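See below for the structure under consideration.
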Amino acid sequence: MKESESLSSENIEKISEYLVEKSEFTFSCPYCGGVLHIKETYYSIPYLGRILIVSKKCSKCGYKHNDIIPLQKKQHVRIYIRVEKDEDKYIKVIRSNTASIEIPEIGFSIHPGTQASMFITNIEGLLFRLQEAINRMKILEDDKKITINLLNRIPKEGFTVIIEDPLGVSDVLHECLGYGKIIKEYIEGSDN
Ligand SMILES: [Zn+2]
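Numbering of the sequence shown is given in our numbering, commencing with residue 6 and proceeding in unit increments.
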């Protein structure tokens with residue numbers, strides 16, 4: 006794939022850096038009775054606190070499920086990041102696989118997929134991940150398959166990244182709160 010040459014994946018950190026504890030065990034698959042492998046992983050992420058990721062995978066029928074459980078109380082959050090200057094591209098975010106991402110200036114939005122993984126990256130790395138997602142989608146225009154190039158569409162005067170996460174796990178790393186225009190909005194009434 007040549008489309009994303011101008012974006013780099015170097016900035017994407019693996020969340021495994023923050024692993025605290027891991028346990029694995031097996032259970033019986035609720036769908037086929039096969040062997041269900043359950044992995045519980047605890048992470049302690051700077052400024053975010055502890056989260057637990059439970060992943061289940063059946064070796065027989067292929068059933069797969071991941072849950073992210075924040076161990077500290079979190080609220081449904083919407084984060085607006087305005088990117089105008091070059092240094093704004095280094096604002097670091099944590100994106101949970103329960104979050105949707107929107108860039109309203111180009112009418113782009115992406116919703117969490119089951120295969121999405123959690124990652125920590127800066128805005129540049131985030132664009133790279135979005136470009137990868139776009140490359141996987143088939144877009145038909147005038148009977149031809151086309152690939153949208155995000156960088157070509159983004160306005161030079163700047164753009165806004167909106168991350169919305171009902172579980173409140175997604176965040177901007179605190180060390181980045183000093184620069185760029187970042188607004189965090191907590192959405193009430195979604196907490197049961
Ligand atoms: Zn199964």
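For glycine and all other residues, C-beta sits at the position ideal for the given N, C-alpha and C. The structure displayed is predicted, hence computed values, not measured ones.
Note down, in chain order, each residue of its chain lying with its Cβ closer than 7 Å to the Cβ of residue i, except the 5 sequence neighbours on either side.
{"i": "glycine 163", "result": "Arg87, Val88 and Glu89"}
{"i": "lysine 189", "result": "Val82 and Ile84"}
Could you give the distance in angstroms between the alpha-carbon of residue i and the alpha-carbon of residue j?
{"i": "isoleucine 167", "j": "asparagine 157", "result": "19 Å"}
{"i": "phenylalanine 124", "j": "arginine 100", "result": "6 Å"}
{"i": "valine 59", "j": "alanine 104", "result": "17 Å"}
{"i": "leucine 135", "j": "cysteine 34", "result": "33 Å"}
{"i": "isoleucine 187", "j": "aspartate 91", "result": "15 Å"}
{"i": "leucine 131", "j": "glycine 112", "result": "16 Å"}
{"i": "isoleucine 20", "j": "glycine 38", "result": "32 Å"}
{"i": "glutamate 169", "j": "aspartate 176", "result": "10 Å"}
{"i": "leucine 155", "j": "asparagine 102", "result": "21 Å"}
{"i": "lysine 161", "j": "glutamate 193", "result": "34 Å"}
{"i": "asparagine 71", "j": "phenylalanine 133", "result": "23 Å"}
When the distance is taken between beta carbons, is residue j closer than 8 Å to residue i?
{"i": "isoleucine 153", "j": "isoleucine 139", "result": "yes"}
{"i": "glutamine 77", "j": "tyrosine 191", "result": "no"}
{"i": "isoleucine 84", "j": "valine 174", "result": "no"}
{"i": "valine 82", "j": "threonine 126", "result": "no"}
{"i": "isoleucine 73", "j": "leucine 178", "result": "no"}
{"i": "isoleucine 2", "j": "isoleucine 106", "result": "What the structure shows of the chain is the stretch from 6 to 197, and residue 2 is not part of that stretch, so it cannot be assessed."}
{"i": "threonine 165", "j": "proline 109", "result": "yes"}
{"i": "threonine 31", "j": "valine 25", "result": "no"}
Residues in its own chain within less than 8 Å of residue i by CB, not counting five upstream and five downstream?
{"i": "lysine 27", "result": "Lys44, Glu45, Thr46 and Tyr47"}
{"i": "tyrosine 36", "result": "Cys63, Cys66 and Tyr68"}
{"i": "glycine 54", "result": "Pro75, Leu76 and Gln77"}
Identify, in the order they occur along the chain, each residue of the same chain with its Cβ nearer than 6 Å to the Cβ of residue i, setting aside the five sequence neighbours on each side.
{"i": "lysine 62", "result": "His42 and Lys69"}
{"i": "isoleucine 1", "result": "A query on residue 1 cannot be resolved here, the shown segment of the chain reaching from 6 to 197 and no further."}
{"i": "glutamate 29", "result": "Lys44"}
{"i": "arginine 266", "result": "For the chain, the structure presents residues 6 to 197; residue 266 sits outside this window and is missing."}
With a threshold of 8 Å between beta carbons, is residue i in contact with chain C?
{"i": "serine 28", "result": "Absent here is chain C; the protein component of the structure consists of one chain."}
Exercise. Hey, which residues come within less than 6 Å of ligand 1, measuring from Cβ to any heavy atom, in chain order?
Worked result: Listed along the chain, these residues meet the criterion: Cys34, Tyr36, Cys37, Gly39, Cys63, Lys65, Cys66 and Tyr68.
Problem set entry | Ordered list of beta strand (DSSP E) runs contained in the region 88-124, each at least 3 residues | For the region 88-124, the full-length beta strand (DSSP E) segments reaching 3 residues or more read 97-100, 105-108 and 113-115 along the chain.
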